[in-house]
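Protein sequence lines correspond, in order, to chains A and B. Sequential numbering of the first sequence, starting at 1, is according to this note's numbering. Sequential numbering of the second sequence, starting at 1, is according to this note's numbering. Note that beta-carbon positions come from the ideal geometry of N, C-alpha and C, so glycine has one too. Quick notes on the structure that follows.
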Amino acid sequence: MSFREKSAWISMLSMAGIYGFYFWSVIHGGPHAGRFHFAGLLETIIALVVLQVVLTVTAAIFAPKEAKAPRDERDKLIELRAMRVAYAGLATSVALACFFGAFTPPIVFNTNALLFILVTAEMMRSACQIVQYRRGA
Amino acid sequence: MGVIRNEIRRLRFEHGEMTQQELAEKINLTRQTVNAIEQGKYSPSLEAAFRISAVFGKPLESVFHYSKDE
Chain A
1 MSFREKSAWI
11 SMLSMAGIYG
21 FYFWSVIHGG
31 PHAGRFHFAG
41 LLETIIALVV
51 LQVVLTVTAA
61 IFAPKEAKAP
71 RDERDKLIEL
81 RAMRVAYAGL
91 ATSVALACFF
101 GAFTPPIVFN
111 TNALLFILVT
121 AEMMRSACQI
131 VQYRRGA
Chain B
1 MGVIRNEIRR
11 LRFEHGEMTQ
21 QELAEKINLT
31 RQTVNAIEQG
41 KYSPSLEAAF
51 RISAVFGKPL
61 ESVFHYSKDE
């Protein structure tokens, strides 16, 4: 497995774990229960950054040459394709959120819903990169 | 859609059993990308194709072949 693919796995799994806990606690009465709290989100972002840095540095220690090498043309193409898929998902989700937000009272339109959309789009981007690296494309 | 085939694997062995990593370093690509090109899963840019041909000292059409509808 290449370092770039490992990075994509780290990104997707760490987001699934950290934001998974955040959204679970929002819904099920954990430490972030109820409405949107800036401090709770800040804690989540710091935890995510720390986890990703630790895992990426660990992966780089096992493949220092690959980690230092710049992205080549295939890596860039895979990144662009993944970005296109994630953008399509993000745009569709935001349009749906706006549509449902137009109802009175609003159904989906709140900060946590928008955050969920953003996180899902980021995870789609990583997942799309992983699929392409697995296929060798 | 056409298919781009290549002779990179054969040429590597004819050039002192050059490894994918060695070729990758000469053309500034990753080993995984060289492997994907060899297997026909990824078509390199024109610039990368020229760089690969230059490593083996062969014209482009001796390294890469295009065939229609396969």
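As computed with DSSP, V63 (chain B) is found in no beta bridge at all. Residue environment for F64 (chain B): buried (at least 16 other C-beta atoms within 10 angstroms of its C-beta). A54 (chain B) and L46 (chain B) have their C-alpha atoms spaced approximately 12 Å apart. Residues of the segment 32 to 62 of chain B with a Cβ closer than 9 Å to any Cβ of chain A, in chain order: Q32, T33, N35, A36, I37, Q39, K41, Y42, P44, S45, E47 and A48.
In this structure the segment 2 to 13 of chain A touches the segment 54 to 70 of chain A; the number of beta carbon pairs closer than 8 Å is three or more.
By the CB criterion at 8 Å, G89 (chain A) and A121 (chain A) fall inside the cutoff. At a beta-carbon threshold of 8 Å, the residues of chain A lying near L29 (chain B) are D72, E73 and R74, ordered along the chain.
For S11 (chain A), not one C-beta of chain B is nearer than 8 Å to its own C-beta. Per the C-alpha coordinates, the member of B:E38, B:N6 and B:V3 positioned closest to Q21 (chain B) is B:E38. Counting only runs of at least 3 residues, the segment 21 to 89 of chain A fully encloses no beta strand (DSSP E) element at all.
Taking the C-beta atoms as reference points, I130 (chain A) is found nearer than 8 Å to E5 (chain A). If you draw a straight line from the Cα of K68 (chain B) to the Cα of V3 (chain B), it comes to about 6 Å. Inclusion of D72 (chain A) and N28 (chain B) in the CB contact set at 8 Å is warranted, their separation being smaller than that value. For A69 (chain A), the chain B residues whose C-beta falls within less than 8 Å of its own C-beta are T30, listed in chain order.
Judged by DSSP in its simplified three-state form, N110 (chain A) adopts coil rather than helix or strand. In this chain, N6 (chain B) is not harboured by any alpha helix (DSSP H); it is covered by the beta strand (DSSP E) spanning V3 to N6. When the beta-carbon positions are compared, K41 (chain B) and R135 (chain A) come within less than 8 Å of each other.
Judged by DSSP secondary structure, F50 (chain B) falls within the alpha helix (DSSP H) whose first and last residues are L46 to F56. By the neighbour-count criterion, in which a residue is buried when 16 or more other Cβ atoms sit within 10 angstroms of its Cβ, F3 (chain A) is buried.
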